Structure formats: structure tokens, C-alpha cells
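Structure first, then comments.
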Ligand code: SAH
Ligand code: SF4
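In the numbering used here, the protein residues as written are 12 to 357.
Below, the structure written as C-alpha cells:
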């Protein structure tokens with residue numbers, strides 16, 4: 012076991028069987044997390060990149076079985092932010108020092124190319140980087156968003172188990188999702204993908220394949236979090252993912268893709284009050300604090316237990332800086348372009 016961890020740390024390559032062995036065993040977990048932490052330090056350093064997250068619409072035309080925003084969930088108070096409000100939030104975040112804004116939403120066609128161009132250009136003019144997380148769009152749209160100034164795009168593959176994917180995402184097509192990732196690469200976005208850990212029916216074998224998929228497509232950023240059952244979805248009775256397993260998938264991902272950006276996801280925090288800090292010490296180097304305001308914030312519920320800070324955004328940031336310095340880390344004052352992306356463009 013320890014040999015596998017050493018091999019991963021030295022060569023950044025593992026076979027599927029070796030990954031499964033690591034995932035299966037609860038021995039040497041500490042060694043795995045420490046190896047991932049060393050690799051993070053060696054390749055991307057001690058700086059932590061903050062991304063200001065704006066959840067600008069919870070309206071979604073898709074019906075993913077796991078997600079609280081799915082169109083059949085009638086219990087959601089739906090909202091959409093206007094362009095001016097999004098730009099105002101982005102402006103405030105940039106004043107606080109955020110160098111990247113992440114715009115996330117359901118798949119909401121109201122935001123057509125024209126509207127999104129306005130938003131992207133407006134944020135671009137603030138001098139910050141822009142990440143989109145708005146789901147699947149046509150190649151042409153991805154091209155236009157890029158031209159308008161979008162730098163990065165997140166679209167998780169969710170699971171590489173094709174049969175499971177189609178079961179969980181009715182009306183969606185796995186091949187199209189992969190095609191989206193290819194199109195994003197074509198227009199030279201920093202490409203982010205990722206998966207949920209602990210989906211009903213998901214095997215360790217398929218989790219190992221997820222990690223190898225991240226490597227195969229040459230992702231620049233990977234978001235990994237536990238699946239958390241949402242009481243307002245068809246998966247309400249399911250067991251949900253385990254914190255440690257999600258952490259292991261994250262740590263192995265860091266070992267195999269050493270220079271990517273890897274967020275300590277909010278879902279990790281939902282399962283463990285210290286989850287994001289543990290993740291930051293097991294391979295992660297990014298945090299995405301929410302910079303939205305207003306009561307609609309609590310209506311963006313992909314899963315229950317989402318931590319909502321009770322302090323103002325500036326205090327939150329200062330507290331975070333203090334806590335980070337306690338673990339020998341600091342908030343980066345740069346845009347935090349993925350080093351994997353820079354390497355590929357060199
Ligand atoms: N609509 C866009 C972006 C918003 S959803 C999209 O689907 O790409 C962002 C991510 O939330 C999804 O990719 C999924 O991995 C995660 N998510 C949704 N429901 C979840 C749940 N119940 N538990 C954990 N993560 C969830
Ligand atoms: Fe919509 Fe994304 Fe939720 Fe699926 S995961 S229902 S696409 S918001």
C-alpha cells in the first residue's frame with residue numbers, strides 16, 4: 012500500500028487497480044493525505060486562491076435526480092438576478108480583493124448569449140478572471156463567452172459510469188457532456204470537471220475511472236465533493252457519500268494531476284464543520300466563498316446543510332485569512348490561473 016502511495020507521489024501515475032486498492036483500504040489514509048499535501052505544496056505552493064461565487068439563478072431546465080434545483084422540485088423559491096445586480100456583487104467582491112468571480116446557475120436559458128456577454132464583459136472590465144458554471148451549451152455559445160472574456164468553465168462529468176450517469180440525469184447525454192469538455196478545451200478555456208462521491212450504485216471501480224478520466228482529458232481544475240441526499244429529490248432515502256472517501260478521491264486526484272487547481276468544496280464542509288480545512292491539508296488549494304447577498308441565497312440549495320456564513324463578507328474574508336495562517340497558508344493576491352493550464356500553453 013505504502014508503495015502505491017510512493018509511486019503516485021514520484022511518478023503521478025497509477026493503474027486503475029492501484030487506485031482501487033487505495034480507495035478500498037482504510038489503512039494508510041493518513042499517509043495518502045500527507046503525500047497529497049506535500050504534492051500540493053511542491054507544485055502549487057502554500058497560497059490559497061479564493062473565488063467569489065455568485066449563484067445568479069436557481070432556475071433549471073434539467074432534472075438531475077440528486078439536485079435540489081431540478082425542474083420537478085416544486086418546493087424551491089426560484090429566483091434570477093438581473094445583470095446590474097450580478098455586476099454589483101462582482102464589483103463588491105473585487106473591492107474585497109477577489110481576483111476571480113465564479114458565476115454559477117441552473118441550466119437557465121433566460122441567460123442567452125446577449126445577456127451573458129453583458130455580464131461577462133462587465134466583470135472582465137473589473138480586471139478579475141471569470142469562471143462560468145452554467146451547464147451544457149452549444150460549441151458556438153462557448154466560443155462567444157470566451158470571446159467576451161470568460162477564462163474558465165466548470166462542468167463536472169459527475170460520474171464516468173455511463174449507465175449510472177443516464178439513470179441520474181434523465182434526458183441528458185454522457186457523450187454530449189464529454190463533447191462540451193472538448194469544446195471548452197478547443198477554445199482554450201481553463202477546463203474544470205469533477206465528480207460526486209457516494210452516488211447510489213457508484214462503485215470504487217468507477218471512482219477510479221473518474222480519476223483516470225480527469226487525467227486523460229487533461230483537466231485544469233477538478234471539483235470533488237460527497238453526494239449529499241436532498242430531501243426534496245427522488246434520492247432522499249439514499250445513503251449519501253462519506254467524507255473520508257471524498258477526501259481520498261481528492262487526494263489521489265492531487266497525486267495524479269499534481270499541478271491542477273483543486274477546490275476544497277462546500278459539500279465537504281456540509282459533512283464536516285472543519286471539512287474545507289481538512290481538504291486544504293489533503294491536496295486542495297482553492298476555496299470558493301459565496302459573495303451573494305440577500306435572502307435568495309438560501310434558495311440555492313443543491314443539497315441540504317450548505318453552510319451560510321453569519322458575518323459580513325469582509326469579516327468572513329479576514330477570519331478566513333486568520334484561520335489559513337494558522338495552518339501555514341495564505342490568501343493569494345493573484346488570479347490563480349491553473350498551473351496545469353499554463354504548462355500546456357507554454
Ligand atoms: N447546473 C450546472 C451548475 C450547478 S450544479 C451544472 O449542473 O453543471 C453544480 C454541481 O453541484 C453539480 O455539478 C453537482 O456535482 C453538484 N451537486 C448537485 N446536487 C448535489 C448533491 N445532492 N450533493 C452534492 N453535490 C451536488
Ligand atoms: Fe440543474 Fe445542474 Fe442541478 Fe442538474 S445539477 S438539476 S443541471 S442545477
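All residues carry an ideal CB built from backbone N, CA and C; glycine is no exception.
Remember, it's a predicted structure, so these values are computed and weren't measured experimentally.
message = Restricting to Cα atoms, I'd like to know which of 342, 109, 160, 138 is closest to residue 131.
response = 160
message: According to DSSP, is residue 91 part of a helix, a strand, or is it coil?
response: strand
- Query: Along the chain, which unbroken stretches of the beta strand (DSSP E) at least 3 residues long are found entirely within the stretch 51-130?
  - Reply: 58-61, 63-68, 111-116
Quiz item: Does at least one heavy atom of ligand 2 sit under 7 Å from the Cβ of residue 118?
Solution: yes
Q. If we count Cβ pairs, one from each stretch, closer than 8 Å, do we get three or more for the stretch 206-216 versus the stretch 42-59?
A. no
Relative to the C-alpha of residue 246, which residue among 68, 29, 77 is closest? 77
**Study point:** residue 314 - DSSP class collapsed to helix/strand/coil
**Key:** coil
- [ ] Output the distance between the C-alpha atoms of residue 126 and residue 309, rounded to the nearest integer angstrom.
- [x] 24 Å
Checklist line | Residues that residue 142 bridges to, as DSSP identifies them | finding: 113, 163
Exercise for the section: Go through the stretch 249-286 residue by residue and report every complete run of the beta strand (DSSP E) that reaches 3 residues or more, in order. Expected result: none
Say whether the stretch 274-287 touches the stretch 234-250, bearing in mind that this needs 3 or more beta-carbon pairs closer than 8 Å, one atom from each stretch.
yes
Checklist entry - Out of curiosity, what's the CA-to-CA distance linking residue 122 and residue 22? => result 44 Å
Next item on the list: In angstroms with no decimal places, state the Cα-to-Cα distance between residue 317 and residue 299.
Entry: 13 Å
Notebook entry, point to check: Over what stretch of residues does the beta strand (DSSP E) that includes residue 337 continue unbroken?
Noted result: Element bounds for residue 337: not the beta strand (DSSP E) but the alpha helix (DSSP H), 324-337.
- With a cut-off of 8 Å, do at least 3 Cβ pairs link the stretch 285-296 to the stretch 68-77? no
Which whole-angstrom value describes the C-beta separation of residue 313 and residue 34, a residue pair presumed to lie in contact below a C-beta threshold of 8 Å?
-> At roughly 24 Å, the Cβ-Cβ gap does not stay under 8 Å, so residue 313 and residue 34 are not in contact.
Item checked: Identity of the residue in 95, 185, 213, 26 nearest residue 129 by Cα -> 95
* Does the stretch 270-278 touch the stretch 105-116, meaning 3 or more C-beta pairs lie closer than 8 Å? -> no
| task | Count the C-beta pairs between the stretch 54-62 and the stretch 329-345 that are closer than 8 Å, then say yes if the count reaches three, no if not. | result | yes
**OP:** Identify which residue in 24, 18, 36 has its Cα closest to the Cα of residue 215.
**Re:** 36
- Along the alpha helix (DSSP H) that carries residue 21, what are the first and last residues, could you check? 13-22
Quiz item: Terminal residues of the continuous beta strand (DSSP E) containing residue 201?
Solution: 201-208
Within 8 Å, strictly: CB atoms of residue 311 and residue 147
no
Exercise. Give the DSSP-derived three-state secondary structure of residue 133 in the structure shown.
Key: helix
Checklist entry - Cα-Cα, which of 302, 351, 17 is closest to residue 325? => result 302
Under DSSP, the alpha helix (DSSP H) around residue 233 begins and ends at which residues? Counting along the chain, residue 233 falls outside any alpha helix (DSSP H), though it belongs to the beta strand (DSSP E) covering 232-237.
| Can the beta-carbon of residue 164 be found closer than 8 Å to that of residue 176? | no
Check: If you draw a straight line from the alpha carbon of residue 86 to that of residue 167, how long is it in whole angstroms?
Finding: 25 Å
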